[in-house]
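Chemist: If you use the numbering used here, the sequence shown closes out at 599, no skipped numbers anywhere. Ideal placement from N, C-alpha and C gives every residue a C-beta, glycine not left out. Computed from a predicted structure; not experimentally measured. Attaching a single structure in structure tokens format; questions to follow.
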Amino acid sequence: MNQPQQDHYEILGIPQSSTKEQIRTAYRKLSLIIHPDKRPANCSEESARVAFQKVFFPSPNSFIFRLICSNLQLSEANEVFRNSDRRAVYDIEYSEIRRQRRVYRLPIQTAEHVMKRTNSEFHHPPVSSTGQNDQARAESEARARQWERKQREARARAEAERNEEQPEEEARQQRQREHDQAEARRKENESREQRQREQQQQQQAQAHGEAKARRKEREARDQRERRRRESWARAERDATARKWEREQQLARTKTEAEARRWKEAARQQQQREHQKAERRRKEEAEVREWQERDRQYARYQADREARRKTEEEAHKQWFQEQSRLRKAEIRQQGATGILGLQDLVSRRPIKDRMECQVVSIQELIDSIVSAEITLIERFNEVIDSFGRAQYWASISSLEEYWQRNAWSETPYSGSLEYQRLKLGCMGYRAELDFIDSCWECAQARSADRMHNLEMALTNGREAVKNRRHGAPSSVPSRWDCGMLYLESSLDTGCISEDVEHGIWITLCFMMLLLFCRFPGLLFYLPLLLFIVPIRVMLIRTLLIIAIASMFGFNPIGILRIVICFVVWSIWKAISPLPWAQLEWKDEGEESQSQSQEDI
């Protein structure tokens with residue numbers, strides 16, 4: 001550590017604990033003393049030196065006087081103390097050298113003071129000291145010596161005068177008295193000097209103690225300040241180190257995150273490329289598969305078209321044969337109707353006869369015959385094939401034919417033969433509607449249901465045949481046909497197994513849940529037997545027995561069942577639902593109602 005060359009505290013004459021205001025005051029005071037512009041008497045170096053010596057430093061050989069003999073050193077001290085950082089550095093660097101300097105300075109200053117006072121006290125009588133400084137003491141001693149010299153001169157003049165007048169004895173006595181007085185003064189001076197020395201030693205000891213105490217206090221303060229500054233510097237170094245470590249850690253984290261991000265981006269890019277390649281492979285495979293399917297479908301369409309053409313050719317030949325036979329049969333059977341129509345036309349008035357010339361009788365007969373043959377052909381195809389696709393195709397063709405060849409109002413509309421032919425065509429149409437309704441109800445392929453369907457179709461055909469022959473009854477609707485099949489299935493006990501199992505599972509679960517959680521609510525359970533339209537008498541009977549056994553075969557249980565029946569009867573009477581259609585009928589009543597409906 002570079003030690004400073006000057007002690008700025010001693011230059012300014014202030015302690016180390018001085019504030020900025022005290023430092024500024026001391027600097028201005030010393031500057032005014034030594035500044036030549038402020039004090040013109042101090043323009044020369046000798047005048048400035050005397051001014052310094054007179055005010056602060058009486059000894060021209062002192063250490064402080066040699067240091068501040070110029071204004072530059074004072075300015076440098078002020079510049080150092082003006083900046084807090086520079087002052088702190090200066091205190092840390094110069095505290096040790098000041099301590100070492102104070103150790104050996106005190107004996108030298110004490111010895112110098114003693115040796116300096118020895119010569120003056122030996123040659124000049126001591127004077128009383130009241131604690132003034134050296135300059136005041138020197139002035140007082142000079143005044144005392146001048147006064148003593150004047151006294152001696154006055155005494156010498158007086159003695160000379162007396163010597164001239166008195167004899168030698170008196171002169172001798174006078175000399176003896178003077179000698180005694182001188183001896184007394186000498187002793188007094190010695191005693192006074194001894195007292196002064198003792199007082200000076202006491203003052204020096206007291207000053208030394210105070211200086212030692214101040215030195216210890218200053219050393220303790222310097223040590224505390226040094227420790228504080230060291231701790232502050234150490235904390236600053238630690239903070240700087242931690243900050244640098246955090247920056248390094250953050251940089252490493254950023255670098256690692258960037259590397260991970262680039263790695264993840266590369267992996268995702270590779271994955272996307274792999275997915276694109278996989279999608280391309282799948283698309284190519286799908287394209288090849290669809291191309292293969294298209295080729296197979298084209299081959300299938302070609303084979304299907306060939307089979308269709310073959311079937312159409314065979315069907316055309318069969319239709320021509322059947323048409324020929326049916327035409328002959330219809331012509332033979334409808335001869336009476338034709339003759340009746342001819343007779344009817346011949347008996348009409350002349351005006352109507354002229355209107356009837358637009359359409360000839362033979363064309364009307366041919367159209368009626370061809371329409372009936374076409375309807376018979378389509379209907380026979382539906383009945384024989386009973387296939388879904390062909391069925392809908394046949395229905396569409398029949399509807400289109402019916403719209404295209406609708407019966408228009410002609411002069412023969414009022415004839416009985418015409419009405420019979422029209423009713424026959426309507427019968428075929430109604431029979432097709434009946435088949436459509438039965439087809440919707442015949443999704444299952446069980447033997448019992450197919451048997452019931454065949455029975456329903458047979459009954460429907462007979463009803464349509466009766467209507468076609470002039471029976472005055474309405475055409476059966478799809479609802480009637482569906483209800484006919486449903487009632488026939490329910491009466492014969494052909495309920496779906498899924499429905500039956502669902503009913504059983506639901507009832508058992510509800511009974512178990514209500515019995516375990518709310519035993520008192522079992523009173524309302526028998527209402528399920530009447531809300532759910534169960535048409536099978538055996539299942540209904542078993543459920544009633546099970547619920548009755550759960551309630552207990554006692555008067556209370558029987559009373560509850562009776563109350564349930566009464567509630568159900570009241571509900572059925574006031575309810576708007578068609579319960580009459582869901583009621584159970586025996587086989588005799590239903591057959592009787594069916595016979596009445598057919599009639």
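Among 140, 16, 29 and 155, which residue has its Cα nearest to the Cα of residue 94?
Modeler: 16
Chemist: Can you round the beta-carbon distance between residue 30 and residue 12 to whole angstroms, since I take them to be within the 8 Å contact cut?
Modeler: 7 Å
Chemist: Use the C-beta contact count for residue 563: other C-beta atoms within 10 angstroms, 16 or more gives buried, fewer gives exposed.
Modeler: exposed
Chemist: How many Å lie between residue 280 and residue 289 at the Cα?
Modeler: 14 Å
Chemist: According to DSSP, is residue 209 helix, strand or coil?
Modeler: helix
Chemist: Quick test of your reading: residue 23 and residue 229, contact by CB under 8 Å. State the CB separation rounded to the nearest angstrom.
Modeler: In this structure, residue 23 and residue 229 do not form a Cβ contact; the two beta carbons are roughly 19 Å apart against a cut-off of 8 Å.
Chemist: Suppose you measure from the CA of residue 189 to the CA of residue 199; what does that come to, to the nearest Å?
Modeler: Distance from the CA of residue 189 to the CA of residue 199, rounded to the nearest whole angstrom, comes to 15 Å.
Chemist: Using the three-state DSSP reduction, which class does residue 25 fall into: helix, strand or coil?
Modeler: It is helical.
Chemist: Which residue marks the beginning of the alpha helix (DSSP H) containing residue 11, and which one marks its end?
Modeler: That run of the alpha helix (DSSP H) goes 8-12.
Chemist: Straight-line CA distance for residue 605 to residue 8?
Modeler: What is shown of the chain runs 1 to 599, which leaves residue 605 out entirely.
Chemist: Under the rule that 16 or more other beta-carbon atoms within 10 Å means buried, what is residue 624, buried or exposed?
Modeler: With the chain running from 1 to 599 in the structure shown, residue 624 is simply not present.
Chemist: Consult DSSP for residue 16 and reduce its assignment to one of helix, strand or coil.
Modeler: Looking at residue 16 - three-state DSSP - the assignment turns out to be coil, as it is neither helix nor strand.
Chemist: For a test of your reading of the model: does the CB of residue 7 fall under 7 Å from any non-hydrogen atom of the ligand PLP? Yes or no.
Modeler: Within the structure as shown, the ligand PLP is missing, as the structure has no ligands at all.
Chemist: According to DSSP, simplified to helix, strand and coil, what is residue 189?
Modeler: helix
Chemist: To the nearest angstrom, how far is the alpha carbon of residue 301 from that of residue 287?
Modeler: Residue 301 and residue 287 have their C-alpha atoms roughly 20 Å apart.
Chemist: By how many angstroms is the C-alpha of residue 155 removed from the C-alpha of residue 149?
Modeler: 10 Å
Chemist: Measure the alpha-carbon distance for residue 259 versus residue 275 and round it to whole angstroms.
Modeler: 24 Å
Chemist: Assign residue 297 to one of two classes, buried (16 or more other C-beta atoms within 10 Å of its C-beta) or exposed (fewer than that).
Modeler: exposed
Chemist: Pull up the distance between the alpha-carbon of residue 88 and that of residue 233, whole angstroms please.
Modeler: Near 12 Å, if we compare the C-alpha coordinates of residue 233 and residue 88.
Chemist: What is the DSSP secondary structure of residue 78, reduced to helix, strand or coil?
Modeler: helix
Chemist: Rounded to a whole number of angstroms, what is the C-alpha to C-alpha distance between residue 194 and residue 143?
Modeler: 22 Å
Chemist: Alpha carbon to alpha carbon, how far is residue 422 from residue 324?
Modeler: The predicted model places residue 422 with a pLDDT of 49, which falls under 50 and marks its position as unreliable, so this point remains unresolved.
Chemist: Spatial neighbours of residue 14 within its chain, please: C-beta separation below 8 Å, excluding the five flanking residues on both sides.
Modeler: Answer for residue 14: 22, 23 and 26, listed in chain order.
Chemist: Report the rounded CA-to-CA distance for residue 211 versus residue 10, giving the unit in angstroms.
Modeler: Rounded to the nearest angstrom, the two C-alpha atoms are 14 Å apart.
Chemist: Where does residue 218 land, buried or exposed, given buried means 16+ other C-beta within 10 angstroms?
Modeler: buried
Chemist: Exposed or buried, what is residue 83 when buried is set at 16 or more other beta-carbons lying within 10 Å of its beta-carbon?
Modeler: Exposed.
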